[in-house]
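I have placed the structure first, in the form of structure tokens, so that the comments after it can refer back to it.
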Amino acid sequence: MEQIKVNSSQLDTYKKIWRVVQAIPSGKVSSYGAIADIAGLPGRARLVGKCLGQVPKDGFCGQPVPWFRVLRSDGSIAFPIGSEAFDRQKALLMDEGVFVKGRRINLNDFSWRPDLSELLALEQPY
DNA sequence: CGCCTGACTGAGG
DNA sequence: CCCTCAGCCAGGC
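Going by my numbering, the first sequence opens with residue 19, and the numbers climb by one from there.
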């Protein structure tokens with residue numbers, strides 16, 4: 019992928035986002051806006067997309083960052099249909115049992131709904 | 001500062 | 001279902 023090009027303050031923001039994304043369980047999905055909210059960055063859904071495009075290839079803190087579990091608020095895959103990224107994301111989702119119909123996923127069936135204890139755990143990672 | 005571009009969103013048609 | 005539009009926030013120029 020691309021080299022990460024952000025200053026240290028933005029890198030902190032990116033790390034917060036990556037950490038939230040890591041909390042999405044296999045077989046579940048979330049949205050850019052929801053991740054932004056949980057990360058304490060309301061209104062910055064587009065930043066989440068940008069950030070996920072720069073996930074370190076080796077993962078973050080020894081754990082992979084499941085970028086493919088993040089979708090648009092309507093449950094659709096953000097990449098254009100037919101693009102390589104689209105196919106990759108769709109395949110990864112289906113691999114873990116997420117049913118992808120055309121370009122979208124039924125959020126009622128697969129949306130991640132963290133309980134309070136999960137969210138609190140994200141506040142105190144170390 | 002303006003202008004344009006995004007892995008975005010919500011409301012409408 | 002599709003598409004459009006205004007609003008949104010960061011960044012680059």
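Each residue gets a CB set at the ideal place from its N, CA and C atoms; glycine is no exception. Nothing here was measured: the structure is a model prediction, and the numbers come from that model.
query: Once the 5 residues before and after residue 99 are set aside, which same chain residues still bring their CB inside 6 Å of it?; result: 121
query: Return the Cβ separation of residue 40 and residue 83 in integer angstroms, given the expectation that the two are a contact with Cβ distance under 8 Å.; result: 6 Å
query: Just the C-alpha distance for residue 111 and residue 87, rounded to the nearest angstrom, thanks.; result: 7 Å
query: Quick check on DSSP: helix, strand or coil for residue 140?; result: helix
query: By how many angstroms is the C-alpha of residue 27 removed from the C-alpha of residue 93?; result: 31 Å
query: Starting from the N-terminal side, write out each stretch of the alpha helix (DSSP H) that is 4 residues or longer and does not extend beyond the region 84 to 119.; result: 102 to 113
query: State buried or exposed for residue 38, treating a residue as buried only when at least 16 other CB atoms are found within 10 Å of its CB.; result: buried
query: Can you tell me whether DSSP reads residue 81 as helix, strand or coil?; result: strand
query: Going by C-alpha distance, which of 136, 46, 133 is nearest residue 115?; result: 46
query: Measure how close the beta-carbons of residue 95 and residue 69 come, nearest whole angstrom, since I'm counting them as under 8 Å.; result: Their Cβ separation, rounded to whole angstroms, is 17 Å, which puts residue 95 and residue 69 out of contact at 8 Å.
query: Which residue's Cα is closest to the Cα of residue 138: 49, 48, 51, 58?; result: 58
query: Can you tell which of 133, 104, 60, 33 has the C-alpha that lies nearest to the C-alpha of residue 119?; result: 104
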